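Residue numbering for the sequence shown follows my numbering, starting at 2 and increasing by one per position. Cβ coordinates follow ideal geometry from the N, Cα and C atoms, glycine included. Treat the numbers as computed from the prediction; the structure is a model and nothing was measured.
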Amino acid sequence: MANNTEPRKMGKKGNGLPMARRDGAGRCWKLVCLQGLWGLVIAAACNGAPEEPVQEVNAPSDFMVTSTPFDPLHAPREGSAPPEVVVEIDLENRYDFDLLPRRVNGALVRFNGDHKDNGEEPLKLPPGKVRFVLTNTGTISHNFRLMGRTPEGVTFDVTTPAVDRFMGAGVMWEMEARLWEGEYLMICNVTNHDARGMSRPLIVTREASYPAPPLR
2 MANNTEPRKM
12 GKKGNGLPMA
22 RRDGAGRCWK
32 LVCLQGLWGL
42 VIAAACNGAP
52 EEPVQEVNAP
62 SDFMVTSTPF
72 DPLHAPREGS
82 APPEVVVEID
92 LENRYDFDLL
102 PRRVNGALVR
112 FNGDHKDNGE
122 EPLKLPPGKV
132 RFVLTNTGTI
142 SHNFRLMGRT
152 PEGVTFDVTT
162 PAVDRFMGAG
172 VMWEMEARLW
182 EGEYLMICNV
192 TNHDARGMSR
202 PLIVTREASY
212 PAPPLR
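Here it is in structure tokens:
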């Protein structure tokens, strides 16, 4: 599955977004990145006006999902098997870009909150049907991508709410998937968010053990 990007637009003079600068004989324009909230990337567009878009803080409303708060441990929907694992994850960018598990089956789990060593702090879950409850505790739009490989070698790759849909600040979202033992990667799939800290390994192993989820 191709990487997803949020709809983007160019900045204008004086708004804190990148401005074009002419170099040499005027054949090439370079976009100069201003470090700040947007974490924008240096880009270049030659032979004319700048064309490379830059990331918006939030996707347009047509690309956003909405929800009302819900109980992560709610009973399964009619006709559905109950989850064996319920994991609550915060999508964060206020102080540091991060993907932070908070609870598994209602029990608190603790991570150090420093995204620089997320690769050394994987989330460990037992195999089975897993309910991911995602909350955007940040200030900009995010989504959630889970990648792995089946025991048969088939690629597993799913994004929620969707590759072209995003969660705004405060939105809760839910995804369920049956996971086998193995290694996975969880990221925010918005451009550059994983590189900025919203990435964490997931290891599914029978050695991980939690009390059964207290569904209600």
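Residue span of the beta strand (DSSP E) that contains residue i, given as start and end
{"i": "D195", "result": "Taken as a continuous stretch (DSSP letters only), D195 belongs to no beta strand (DSSP E), as it is neither H nor E."}
{"i": "R132", "result": "129-137"}
{"i": "A178", "result": "173-180"}
{"i": "K117", "result": "No beta strand (DSSP E) contains K117, which DSSP labels as neither H nor E."}
One or two residues paired with residue i in a DSSP bridge
{"i": "Y185", "result": "L203"}
{"i": "R150", "result": "T156"}
{"i": "I90", "result": "P102, L135"}
{"i": "F145", "result": "T161"}
{"i": "E78", "result": "Note that residue 78 is Arg in the sequence shown, not Glu. Bridge partners of R78: none, in fact."}
{"i": "R217", "result": "None; R217 has no bridge partner."}
{"i": "A108", "result": "V105"}
{"i": "F167", "result": "M65"}
Simplified DSSP state of residue i, which is helix, strand or coil
{"i": "F98", "result": "coil"}
{"i": "P212", "result": "coil"}
{"i": "F64", "result": "helix"}
{"i": "K31", "result": "With a pLDDT of only 38 at K31, under the threshold of 50, the placement of this residue in the model should not be trusted, and no figure is reported."}
Residue j beta carbon less than 8 Å from that of residue i
{"i": "L126", "j": "L216", "result": "no"}
{"i": "R132", "j": "P202", "result": "no"}
{"i": "S200", "j": "L100", "result": "yes"}
{"i": "D97", "j": "G120", "result": "no"}
{"i": "N116", "j": "G169", "result": "It is His, not Asn, that sits at residue 116 in the sequence shown. Going by C-beta atoms, H116 is not nearer than 8 Å to G169."}
{"i": "V191", "j": "N144", "result": "yes"}
{"i": "P152", "j": "V205", "result": "no"}
{"i": "F167", "j": "F64", "result": "yes"}
{"i": "L124", "j": "L92", "result": "no"}
{"i": "A82", "j": "K130", "result": "yes"}
{"i": "A178", "j": "V155", "result": "no"}
The ligand NAD heavy atom lying under 7 Å from the CB of residue i
{"i": "C189", "result": "This structure does not include the ligand NAD; it has no bound ligands of any sort."}
- the stretch 180-187 contacting the stretch 136-143, beta-carbon criterion three pairs below 8 Å: no
- With a cut-off of 8 Å, do at least 3 Cβ pairs link the stretch 148-156 to the stretch 93-109? no
- Task: Assess, as a yes-or-no matter, whether the stretch 173-181 is touched by the stretch 58-72 under the definition of 3 or more beta carbon pairs within less than 8 Å.
- Result: yes
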